[in-house]
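Before any comments, here is the structure.
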Amino acid sequence: MALSSSPSYMGGEKALQSLLTTLRAMNAAVVCSFPIPFSRRKLNDKDEWTEGDMRRKISDALVAFSDAIRMYRER
């Protein structure tokens, strides 16, 4: 799993692409990846996600990542 976050509208897209290139060169399995744009606007003063769609997207990504780890261990 690879995520990038940025206060800009790009969400760290270029950094994420660079990271993915490096991970692929290392033959790492990337289950999911996505940028998080305007990240400061999506957190409250307790650093909790306020946007439901992003909260669900991150939650779904963590579930997929956990499932991938479980499948890898069961091989």
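Just so it is clear: in the sequence shown, position 49 is 49 by the working numbering, and no numbers are missing. For glycine and all other residues, C-beta sits at the position ideal for the given N, C-alpha and C. These figures come from a predicted structure and were not determined experimentally.
Query, Result
"In terms of alpha-carbon separation, which member of S8, S66, D67 lies closest to I36?", "S8"
"Residues bridged to I36 by DSSP?", "S5"
"Considering only their Cβ atoms, is the gap separating K42 from E48 smaller than 7 angstroms?", "no"
"How big is the Cα-Cα spacing for E74 and A25?", "25 angstroms"
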